[in-house]
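Q: Here the protein sequences come in this chain order: P and A.
The first sequence begins at 81 in the working numbering and counts up one residue at a time.
The second sequence begins at 81 in the working numbering and counts up one residue at a time.
2 protein chains.
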Amino acid sequence: MAKKASGGRLFGGIDVGGTKILAMVADEDGNVLSTAKKKTKGEQGFKAVCERAAVTMLEAAEVEGLALEDLTAIGIGVPTPVLPDGTTAFAPNLPGWKNAPLIKNMETFTTRHCYGVNDGNAGVYGEYVFGAGKGSKTLVGLFVGTGIGGGMCFHGELIVGENSMAAEMGHIIVQEGGRKCGCGHKGCLEAYASKTGMARRIAWEIIQEGRASLLSEMVPNGSYATIKSSALLEAYRSEDGVAVDALRELAHYLGVGVAAYITLLGPDMIVIGGGVFESLGKELMPIVKESARQRTWPEASYKDTKITLAQLGDHAVGLGAAAHAMHRFDQEVMNG
Amino acid sequence: MAKKASGGRLFGGIDVGGTKILAMVADEDGNVLSTAKKKTKGEQGFKAVCERAAVTMLEAAEVEGLALEDLTAIGIGVPTPVLPDGTTAFAPNLPGWKNAPLIKNMETFTTRHCYGVNDGNAGVYGEYVFGAGKGSKTLVGLFVGTGIGGGMCFHGELIVGENSMAAEMGHIIVQEGGRKCGCGHKGCLEAYASKTGMARRIAWEIIQEGRASLLSEMVPNGSYATIKSSALLEAYRSEDGVAVDALRELAHYLGVGVAAYITLLGPDMIVIGGGVFESLGKELMPIVKESARQRTWPEASYKDTKITLAQLGDHAVGLGAAAHAMHRFDQEVMNG
Numbered sequence: 081m082a083k084k085a086s087g088g089r090l091f092g093g094i095d096v097g098g099t100k101i102l103a104m105v106a107d108e109d110g111n112v113l114s115t116a117k118k119k120t121k122g123e124q125g126f127k128a129v130c131e132r133a134a135v136t137m138l139e140a141a142e143v144e145g146l147a148l149e150d151l152t153a154i155g156i157g158v159p160t161p162v163l164p165d166g167t168t169a170f171a172p173n174l175p176g177w178k179n180a181p182l183i184k185n186m187e188t189f190t191t192r193h194c195y196g197v198n199d200g201n202a203g204v205y206g207e208y209v210f211g212a213g214k215g216s217k218t219l220v221g222l223f224v225g226t227g228i229g230g231g232m233c234f235h236g237e238l239i240v241g242e243n244s245m246a247a248e249m250g251h252i253i254v255q256e257g258g259r260k261c262g263c264g265h266k267g268c269l270e271a272y273a274s275k276t277g278m279a280r281r282i283a284w285e286i287i288q289e290g291r292a293s294l295l296s297e298m299v300p301n302g303s304y305a306t307i308k309s310s311a312l313l314e315a316y317r318s319e320d321g322v323a324v325d326a327l328r329e330l331a332h333y334l335g336v337g338v339a340a341y342i343t344l345l346g347p348d349m350i351v352i353g354g355g356v357f358e359s360l361g362k363e364l365m366p367i368v369k370e371s372a373r374q375r376t377w378p379e380a381s382y383k384d385t386k387i388t389l390a391q392l393g394d395h396a397v398g399l400g401a402a403a404h405a406m407h408r409f410d411q412e413v414m415n416g
Numbered sequence: 081m082a083k084k085a086s087g088g089r090l091f092g093g094i095d096v097g098g099t100k101i102l103a104m105v106a107d108e109d110g111n112v113l114s115t116a117k118k119k120t121k122g123e124q125g126f127k128a129v130c131e132r133a134a135v136t137m138l139e140a141a142e143v144e145g146l147a148l149e150d151l152t153a154i155g156i157g158v159p160t161p162v163l164p165d166g167t168t169a170f171a172p173n174l175p176g177w178k179n180a181p182l183i184k185n186m187e188t189f190t191t192r193h194c195y196g197v198n199d200g201n202a203g204v205y206g207e208y209v210f211g212a213g214k215g216s217k218t219l220v221g222l223f224v225g226t227g228i229g230g231g232m233c234f235h236g237e238l239i240v241g242e243n244s245m246a247a248e249m250g251h252i253i254v255q256e257g258g259r260k261c262g263c264g265h266k267g268c269l270e271a272y273a274s275k276t277g278m279a280r281r282i283a284w285e286i287i288q289e290g291r292a293s294l295l296s297e298m299v300p301n302g303s304y305a306t307i308k309s310s311a312l313l314e315a316y317r318s319e320d321g322v323a324v325d326a327l328r329e330l331a332h333y334l335g336v337g338v339a340a341y342i343t344l345l346g347p348d349m350i351v352i353g354g355g356v357f358e359s360l361g362k363e364l365m366p367i368v369k370e371s372a373r374q375r376t377w378p379e380a381s382y383k384d385t386k387i388t389l390a391q392l393g394d395h396a397v398g399l400g401a402a403a404h405a406m407h408r409f410d411q412e413v414m415n416g
């Protein structure tokens, strides 16, 4: 209760992922006062997940002796674009999330103003407002994990496109006709610069070419896309050839993407995060930067962009969702 | 003088190209009241080109019986980024244009408020305010000629990046390690989807592979990058195999770029112009659209973007420069 007594407003932030829900109470400076966590249980359907998200939010509030009524508004980050009417577009990993009434349900279950945002966008917005990107004007963020999440902030606002579905940072094509991506297209950035993309290369080298690797012991079932980043770090530090080559290729291609974002948007900052870079940031960032430097046009524009690691870790999406709720609430409710 | 007597303000727009200068007087509705043209004579150096631009502007004014004092402000589109202090960044084809005091010179020679803008950006801004993009909120424009010019407009403003050098639409990499681009990098969009890129393919097929083509008669010296778009149209209509394959490849790759812009920015409109599309728009647009449709992610976002031909032709840069001057003047001078 101490923080609340200080007079600052409090906001809720919920990160709904494919496997778990993380809810948090945050103040206007981005301090996380409390958190709570539950399994998503997506198989129970859309409405059940919304209810679990609301209950997780309540539990996080109760840790601080608060009720949901003590939160000015709640932001919810979800693995789908959110349309202006508060419905979801689609969420491949969550059944029943196509055109589903996210905000309507969340406002019913929480009785608060709720605001929805794509999780990758939320993570970047969190870094923009409270993390590594604080103070930047144009920010591009890339989170490298199973896929590539991310987004773009421009002069205070998230760019979501006129269709509310843009900022799919991992799905620009960097190798036309190249490696198959999970989205069905060929040659997307994500097909090279994510764990899923890297896994195709690793599987090829170990299974097809019979290259020896620590990774074949670490991931005995061959599903390299789900390999833990800590295991990748161990293999990399052991100078495992397959791991080193695969991670360097990932970093090289991520640099191709970074170059494209600099060339197009001239951001003053690019933040890179996600599991792979939380574990291997020190090792991979020099490769990303050199690859980007060689491909940015005009070359002079490269030096004006700071490329740095994300800072908020697992809290990025929740904090970004809370910051988004704060921003939207002030735009829409406070200012009529 | 009739238009001026109506009370509306008049603006000057100057398009400084590598070979010619085109100046125009425009009203606030984008009507071009008069134009004048001169050779650039870039070899005479930066200051001389600025003087010629000012004289061309004066000649355009005099056609309408006006003096430069009758223009509220003048916009100048140049083949280089323009930095916030009014200096140029660099212009590969114009000697002495690196870090040159463009606005200082132009204001001295014209005695009016002058505003500088990159020519590709100006062309897109012209389409945004007065042309095919009128009414759109987020607009991406691509002009296909010797290279690819273009830009992005977002909620009323040109995106030029925090470094003032961004929006180099032709220099995102779509084929990592691929065809050499004029910028020195490999696999840029421009290396495939411009006349220069196409020329490399044509030269290869005719010279290395000995493929017969009308183009070898049309361009006897083998410099296919300078081929006129009207000649390309003739060869295409004659079903010349080399021309058809090369133009289809150009359109295919332009679609790869268009898909990237939709995936990233979710624009409500994309305008495509420049010499190649002024001549071959009808033939090539279906290929561009199909290629883009197949590569946009999420797929649902494709249908929200109208892809259309530019409308302003040779006037796009000058009108865009005039519109830019209007916008900046109102922001900076009128509103303090």
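All residues carry an ideal CB built from backbone N, CA and C; glycine is no exception.
This one's a predicted model, so the numbers in the text were calculated from it and none came from an experiment.
Within a Cβ cutoff of 6 Å, which residues of the same chain sit near residue 408 (chain P), ignoring the five residues on either side of it in sequence?
A: The answer, listed in chain order, is 195.
Q: Would you list, in chain order, the members of the region 218-248 of chain P that have their beta-carbon closer than 9 Å to a beta-carbon of chain A?
A: Within the region 218-248 of chain P, the residues whose Cβ lies closer than 9 Å to some Cβ of chain A are 218, 232, 234, 235, 237, 239, 240, 241, 242, 243, 244, 245, 246, 247, 248, listed in chain order.
Q: Alpha helix (DSSP H) containing residue 338 (chain A): first to last residue?
A: That run of the alpha helix (DSSP H) goes 321-345.
Q: For residue 198 (chain P) versus residue 220 (chain P), is the C-beta spacing smaller than 9 Å?
A: No, the pair does not count as a contact, with Cβ atoms beyond the cut-off.
Q: The beta strand (DSSP E) that contains residue 93 (chain A), what's its start and end?
A: Its beta strand (DSSP E) spans residues 90-96.
Q: Rounded to whole angstroms, what's the CA-CA distance from residue 241 (chain P) to residue 238 (chain A)? Just pull it up for me.
A: Cα to Cα, residue 241 (chain P) sits roughly 15 Å from residue 238 (chain A).
Q: Are the CB atoms of residue 397 (chain P) and residue 102 (chain P) within a distance shorter than 9 Å?
A: It is a contact, given that the beta carbons lie within the stated cut-off.
Q: Taking C-beta to C-beta, are residue 353 (chain A) and residue 203 (chain A) nearer than 9 Å?
A: In this structure, residue 203 (chain A) lies closer than 9 Å to residue 353 (chain A) by Cβ.
Q: Count the other C-beta atoms from every protein chain shown that fall within 10 angstroms of the C-beta of residue 185 (chain P), then say buried if there are 16 or more, exposed otherwise.
A: The residue is buried, with at least 16 neighbouring Cβ atoms inside 10 Å.
Q: Taking C-beta to C-beta, are residue 336 (chain A) and residue 272 (chain A) nearer than 9 Å?
A: Yes; because the gap between Cβ atoms is below 9 Å, this pair is in contact.
Q: Looking at chain P, is there any beta carbon in it that lies within less than 9 Å of the beta carbon of residue 148 (chain A)?
A: With 9 Å as the cut-off, residue 148 (chain A) does not count as an interface residue toward chain P.
Q: Counting only Cβ pairs nearer than 7 Å, list the residues of chain A close to residue 375 (chain P).
A: The answer, in chain order, is 253, 265.
Q: Assuming residue 377 (chain P) contacts residue 263 (chain A) under a Cβ cut-off of 8 Å, what Cβ separation, rounded to an integer in Å, is found between them?
A: Right, the Cβ-Cβ distance comes to about 5 Å (below 8 Å), so this counts as a contact.
Q: With a cut-off of 9 Å, does the C-beta of residue 181 (chain A) fall near any C-beta of chain P?
A: It does not: the Cβ of residue 181 (chain A) has no partner Cβ on chain P nearer than 9 Å.
Q: Under the three-state reduction of DSSP, which class applies to residue 266 (chain A): helix, strand or coil?
A: Strand.
Q: In chain A, which residues lie less than 7 Å from residue 345 (chain P) when you measure between Cβ atoms?
A: Neighbours of residue 345 (chain P) on chain A, chain order: 239, 241, 246.
Q: Do residue 303 (chain P) and residue 358 (chain P) have their C-beta atoms within less than 9 Å of each other?
A: No.
Q: Can you tell me the Cα-Cα spacing of residue 137 (chain P) and residue 105 (chain P), whole angstroms?
A: Distance between the alpha carbons of residue 137 (chain P) and residue 105 (chain P) is about 8 Å.
Q: Does any residue of chain P have a CB that is nearer than 9 Å to the CB of residue 388 (chain A)?
A: With 9 Å as the cut-off, residue 388 (chain A) does not count as an interface residue toward chain P.
Q: Indicate the three-state DSSP secondary structure (helix, strand or coil) for residue 170 (chain P) in the structure shown.
A: Coil.
Q: Counting contacts by CB-CB distance shorter than 9 Å, is residue 82 (chain A) in contact with chain P?
A: Its pLDDT being 39, under 50, residue 82 (chain A) is placed unreliably by the model, and the measurement read from it follows with that caveat. No, residue 82 (chain A) does not count as interfacial toward chain P.
Q: Give the secondary structure of residue 212 (chain P) by DSSP, where H, G and I count as helix, E and B as strand, and everything else as coil.
A: If DSSP states are grouped into helix, strand and coil, residue 212 (chain P) belongs with coil.
Q: Taking 9 Å as the CB-CB cut-off, is residue 159 (chain P) touching chain A?
A: It does not: the Cβ of residue 159 (chain P) has no partner Cβ on chain A nearer than 9 Å.
Q: Can you tell me whether DSSP reads residue 222 (chain A) as helix, strand or coil?
A: Residue 222 (chain A): strand per DSSP, three-state reduction.
Q: Can you give me, in chain order, the residues of the region 305-339 of chain P that have a beta carbon less than 8 Å from any beta carbon in chain B?
A: Protein chains P and A are contained in the structure displayed, whereas chain B is not.
Q: Judging by CA-CA distance, which residue of P:235, P:217, P:168 is the nearest neighbour of residue 130 (chain P)?
A: When only C-alpha atoms are compared, the closest one is P:168.
Q: May I ask you to list, following chain order, the residues of the region 361-385 of chain P that have a beta carbon less than 8 Å from some beta carbon of chain A?
A: Result list: 374, 375, 377, 378, 380, 381, 384, 385.
Q: Which chain A residues sit within Cβ distance under 7 Å of residue 412 (chain P)?
A: Within 7 Å Cβ-Cβ: nothing; residue 412 (chain P) doesn't reach chain A, min ~17 Å.
Q: Is residue 174 (chain A) closer than 9 Å to residue 156 (chain A) when the C-beta atoms are compared?
A: Going by C-beta atoms, residue 156 (chain A) is not nearer than 9 Å to residue 174 (chain A).
Q: Identify, in the order they occur along the chain, each residue of the same chain with its Cβ nearer than 7 Å to the Cβ of residue 125 (chain P), setting aside the five sequence neighbours on each side.
A: Cβ within range, chain order: 175, 176.
Q: From the DSSP output, which residues share a beta bridge with residue 237 (chain A)?
A: Residue 237 (chain A) is bridged to A:234.
Q: Would you mind giving the Cβ-Cβ distance between residue 32 (chain A) and residue 404 (chain A), rounded to the nearest angstrom? I have them listed as a contact below 8 Å.
A: Any answer about residue 32 (chain A) is impossible in this case: the structure gives chain A only from 81 up to 416.
Q: Do the region 147-156 of chain A and the region 111-127 of chain A meet, that is, are 3 or more Cβ pairs less than 8 Å apart?
A: Short answer: they don't touch.
Q: Is the Cβ-Cβ distance between residue 323 (chain A) and residue 334 (chain A) less than 9 Å?
A: Against a cut-off of 9 Å, the Cβ pair of residue 334 (chain A) and residue 323 (chain A) comes out as no contact.
Q: Starting from the C-beta of residue 381 (chain A), find all residues in its chain whose C-beta is less than 8 Å away, skip the five residues before and the five after it, and write them out in chain order.
A: Here the set comprises 342, 343, 346.
Q: Out of A:254, A:287, A:330, A:319, point me to the one whose CA is closest to residue 275 (chain A)'s CA.
A: For residue 275 (chain A), the nearest C-alpha among the options comes from A:330.
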